[in-house]
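The numbers in this note's numbering rise by one with no breaks, and the one at position 350 of the sequence shown is 350. Positions of the beta carbon are idealized from the N, C-alpha and C atoms, including for glycine.
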Amino acid sequence: MGRDKTKIENHFTECKDYRSSNNLRKLNALFNHKELLSIQDRLKVGERIKELVVEGGPKQFEVNPNLLLDTNQEISDFVLGLVDNNFMIDWAIIVEKLLEFGNNRDTINREHYYSIACKLLENIKRDFDNEDLSEFGETLIKSLKHTTNSNYRSLLLTTLSEIIVQDDVPIAEELIKALYNLLDDTNINVIASILLCYKSLLVHYQQEVLEVIPSIKWFLFETMKYPCEKVSLPSTQFWVDLISSTNDLSFISNDLQEFHLTLIENLIYSDYNIHLLNNENNTTRFELYTLRKKTAVLIGVIANIIEKDDVLPQLLPVIEDKLQRQNDWKIRETGIFVLGLLKYDTYFRANLDKLIKTTSECINDDQHMWLQYTSWWTLGNMAKFILQSNNEKLIDTVFNLYIDQISTPIDQLQEALCLSLYPFLVELEKVWMPSTLPYFTLIIEKLLLCYPSYSDDILSLVDDSLTLLVKILHEKKIDTQEISQLYHHHLSVALAGNMGDKFIKAFKSLCLFSTASQYENNHFDSLMEICIKLIKSDLNQEENIQEGLRGLGFLFKSRSFENLENDKLNEILSLLPRLYKVEASKVYTIYKYLIKKVISNFNPLQQLMAKLSNKIGSQLSNPIFSKLMKKIIEKFPDQVDYLFSDEFLGAFDKQGIQQNLLLFNVIAKQYPEKIVLIITPYIEACSSFTGDKTDQQKEKRYQELLEFLKLYIVSKKRKQVMLSSIFSTLGRKFESDSSSLNPTLVQEFKNIIYKLKELYRL
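If you want it as structure tokens, here you go:
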């Protein structure tokens, strides 16, 4: 280490000449080897950078301006490296000087200074007060006028969009003026950044934006038509936010038909959309953030405000033309999609025969899966009109379509069919039609036969449909021989455990117990015992653990799980420790459903949190555990204080305290105002902890503590509480542990303790 220290000092001496890009690289390399540098050494590096930027500035490069481009990257790496490692440097003066150099017309390649300043602002804007942010915002707006470089102009705009979301940063008026002067810019990145700014302004300065809508409407119209989604997507999002927040269509009332025609064109599948759909699983398909999805949302927002009689007749020729385009499935699919979105009563009732014929043809077009998918969805949206028509021939056509297609081997179409079937049951729950019962008998029988091929998500949809149907029959006191025989046949097989393949047996049982909970409650407990027994068996066998996970996941997602008694819930919870050997990300999915469904049935935090932290938390990676904590906090915000009570803390043994610390960090980031509640139990937990088995564990714990204290320092309420006795205890604990910690961490910790003492004059 002695030779390394000498090497460092030599490099410091060599690097006095900042005109050398190579010298900056040497410093950067040293900086990245943090284990060789104490905090004092690294602060020297920071001071060198500050000296370079504040005192030397562009003059450092007068000898050889060609070095500037290369060297600026080195400066940027340095500065952002200092930010990443939380150095206590006055960044405000650095940002101020960088922007000053950028705005100086005599500065060579001055846009590079904008780049570093913007990166700084994006990374550490929470450390600046509103007055600083306002000044920086004003300077950035002026900088827009000084640069013609599109990349840097876009960067400045993006940074401005992030600054204005801070509280009380009054730059909206100046920014709106600056944006107006940039509307003729043709660069895609700049246009997208302008839209990003308008979106942020709309949220925080709505009235100011509404006043300028008439003068920028042409820009918003044109960008919505833009062939690149990088522009058309944020433009469409802006319209969604504008119309949904104001419930006002006056902005587009004179251009409504043209507006709708543009939206219809934007619904057409792009090659990119198809690529995404073909590469996503069922769970995430509906979360894809695409122009098509956002356009559908906008059409729905408008449809909820406007009288469809005022606009749809003008669009019908366009829609019907698209439905007839036999040579282009994407065009036909758009026509089907628009009809499903609008659900136009008058048109549906008047043209039901024609629409069912067209939809059936599209469903039977086995060359184009996504045309079939949308057609099923639109058919589901017609459920009300089909059943209310009392047209026996039409109803027969539709239900036979389900019966014929229900055994499709394609996952996406299984999903679409099951989603489409559910609205028919919803309508039948309102008004029961006995004539439909024979169809549903056949549909249910086919659904049950298809269980082995269904994924977890589709099984969940099937379970919903079965449960609702049996609920309807139970409420109407209908017990037909067919339904009863079908139900009792599968029930007897499930109870006997004679289904053969374990996988099929488990999932048929799982679906049937859900149905049984509505139909015959006396069988519910027996079926539940079978399910739990099967899952336990799988979880105990290494080769079957994934099947056990699937079973547990489906169990949690089941609709009837909400009706479980507490003793059954506790039996389910007893399965959790069996998941130690399972990959953390897969376990997270199980807990996510547990939090969503199970938690509402019993006192959540006392039981679940203790199990997660003491039993399971140690098996999960920090990010996974943090996500779990965040979900629990979101679901129970009124119980956040409980996490800091003696009762809760008492549930953790010493092995669980490390998870406590991580939980506190999660809370601190999401609820800064709770730091006042956190600080005392947090420090006490740190000071009393003796469970570290290795120096690495101890170091990790102190690193988490360091991160928490940094959050504490920047919190708005930091001056409301500071107990010197607590920090004295922590100090003594730290002194006893410091000999086994990394010297760099020791110095960082001492530095932040010194800052706390200085802040509170302790």
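Per DSSP, what kind of secondary structure is residue i in: helix, strand or coil?
{"i": "histidine 368", "result": "coil"}
{"i": "proline 227", "result": "coil"}
{"i": "isoleucine 395", "result": "helix"}
{"i": "cysteine 118", "result": "helix"}
{"i": "arginine 325", "result": "coil"}
{"i": "leucine 68", "result": "Its pLDDT being 38, under 50, leucine 68 is placed unreliably by the model, and the measurement read from it follows with that caveat. Looking at leucine 68 - three-state DSSP - the assignment turns out to be helix."}
{"i": "valine 470", "result": "helix"}
{"i": "methionine 88", "result": "Only weak support is given to the placement of methionine 88: the predicted model assigns it a pLDDT of 44, under 50, and the question is left unresolved by the model."}
{"i": "lysine 750", "result": "helix"}
{"i": "lysine 97", "result": "helix"}
{"i": "leucine 417", "result": "helix"}
{"i": "valine 431", "result": "coil"}
{"i": "isoleucine 410", "result": "coil"}
{"i": "serine 455", "result": "coil"}
{"i": "threonine 464", "result": "At residue 464 the sequence reads aspartate, which differs from the threonine that was named. Helix at aspartate 464."}
{"i": "methionine 763", "result": "The shown model of the chain, from 1 to 762, leaves out residue 763, and the question about it has no answer."}
{"i": "phenylalanine 251", "result": "coil"}
{"i": "histidine 11", "result": "Low per-residue confidence applies at histidine 11: pLDDT is 46, beneath 50, and the placement is therefore not dependable enough to give any value."}
{"i": "proline 743", "result": "helix"}
Can you list, in chain order, the residues of its chain whose CB lies under 8 Å from that of residue i, leaving out five sequence neighbours each side?
{"i": "leucine 413", "result": "Met369, Gln372, Tyr373, Trp376, Gln405"}
{"i": "leucine 183", "result": "Ile194, Ile216, Phe219"}
{"i": "leucine 449", "result": "Ser407"}
{"i": "lysine 698", "result": "Asp692, Asp737, Ser740, Leu741"}
{"i": "valine 746", "result": "Ser738"}
{"i": "isoleucine 443", "result": "Phe399, Tyr402, Ile403, Ile406, Leu421"}
{"i": "glutamate 208", "result": "Ala172, Glu173, Ile176, Leu201"}
{"i": "leucine 419", "result": "Trp376, Trp377, Gly380, Leu461"}
{"i": "leucine 706", "result": "Leu745, Glu748, Phe749, Ile752"}
With distances taken from CA atoms, which of the options is nearest residue i?
{"i": "glutamine 388", "options": "Ser435, Ile363, Ile403", "result": "Ser435"}
{"i": "tyrosine 269", "options": "Glu100, Leu99, Arg292, Leu256", "result": "Arg292"}
{"i": "glutamate 162", "options": "Leu449, Cys118, Glu445, Asp345", "result": "Cys118"}
{"i": "glutamate 429", "options": "Ser455, Glu475, Glu392, Asn400", "result": "Glu475"}
{"i": "asparagine 187", "options": "Leu140, Glu699, Cys228", "result": "Cys228"}
{"i": "leucine 210", "options": "Leu323, Phe251, Thr467", "result": "Phe251"}
{"i": "isoleucine 363", "options": "Phe399, Leu342, Thr346", "result": "Phe399"}
{"i": "leucine 459", "options": "Leu417, Thr246, Ile478, Phe424", "result": "Leu417"}
{"i": "lysine 733", "options": "Tyr272, Phe708, Leu709, Tyr702", "result": "Tyr702"}
{"i": "threonine 346", "options": "Leu98, Ile274, Met382", "result": "Met382"}
{"i": "serine 253", "options": "Leu469, Asp321, Ile305", "result": "Ile305"}
{"i": "aspartate 366", "options": "Pro409, Arg325, Glu392, Lys393", "result": "Pro409"}
{"i": "valine 426", "options": "Asn327, Gln206, Val470", "result": "Val470"}
{"i": "asparagine 273", "options": "Glu258, Gln257, Thr290", "result": "Thr290"}
{"i": "lysine 199", "options": "Ser245, Glu222, Tyr226", "result": "Ser245"}
{"i": "phenylalanine 221", "options": "Leu98, Gln257, Asn390", "result": "Gln257"}
{"i": "glutamate 415", "options": "Ser134, Thr223, Phe708, Ser455", "result": "Ser455"}
{"i": "tyrosine 226", "options": "Glu542, Asp255, Glu265", "result": "Glu265"}
Hey, quick one: how far does the alpha helix (DSSP H) through residue i stretch, first residue to last?
{"i": "threonine 358", "result": "352-363"}
{"i": "tryptophan 329", "result": "329-342"}
{"i": "valine 190", "result": "188-204"}
{"i": "isoleucine 302", "result": "291-303"}
{"i": "glutamate 274", "result": "Correcting the residue identity first, residue 274 is isoleucine in this sequence and not glutamate. Unbroken alpha helix (DSSP H) run through isoleucine 274: 271-278."}
Excluding the 5 residues flanking residue i on each side, which residues of the same chain have their C-beta closer than 7 Å to its C-beta?
{"i": "glutamate 138", "result": "Ile171, Glu174"}
{"i": "alanine 192", "result": "Lys230, Val231, Pro234"}
{"i": "phenylalanine 385", "result": "Phe348, Arg349, Leu352"}
{"i": "threonine 359", "result": "Ile336, Ser375, Thr378, Leu379"}
{"i": "lysine 294", "result": "Leu233, Thr236, Gln237, Val240"}
{"i": "cysteine 197", "result": "Leu157, Leu160, Ser161, Leu175, Leu179"}
{"i": "tyrosine 433", "result": "One detail in the question is off: residue 433 reads as methionine in this sequence, not tyrosine. Within the same chain, methionine 433 has close Cβ partners Leu387."}
{"i": "isoleucine 478", "result": "none"}
Verify whether the separation of the beta carbon atoms of residue i and residue j is less than 8 Å.
{"i": "valine 767", "j": "leucine 447", "result": "The structure shown does not extend to residue 767, since the chain spans only 1 to 762, so no value can be given for it."}
{"i": "valine 190", "j": "serine 150", "result": "yes"}
{"i": "valine 301", "j": "isoleucine 243", "result": "yes"}
{"i": "isoleucine 535", "j": "glycine 548", "result": "yes"}
{"i": "leucine 339", "j": "isoleucine 356", "result": "no"}
{"i": "leucine 267", "j": "alanine 296", "result": "yes"}
{"i": "tyrosine 439", "j": "isoleucine 472", "result": "no"}
{"i": "leucine 263", "j": "isoleucine 213", "result": "no"}
{"i": "isoleucine 752", "j": "lysine 710", "result": "yes"}
State yes or no: is the beta carbon of residue i nearer than 8 Å to at least one beta carbon in chain C?
{"i": "glutamine 541", "result": "The question asks about chain C, but that chain is absent: this structure has only one protein chain."}
Between which residues of its own chain and residue i is the CB-CB distance below 6 Å, once the five residues before and five after are set aside?
{"i": "leucine 315", "result": "His260"}
{"i": "lysine 330", "result": "Ile268, Tyr269"}
Can we count residue i as close to the ligand NAD, meaning its CB is less than 7 Å from some heavy atom?
{"i": "leucine 298", "result": "Summarising the ligand content, the structure contains no ligands, and the ligand NAD is consequently not present."}
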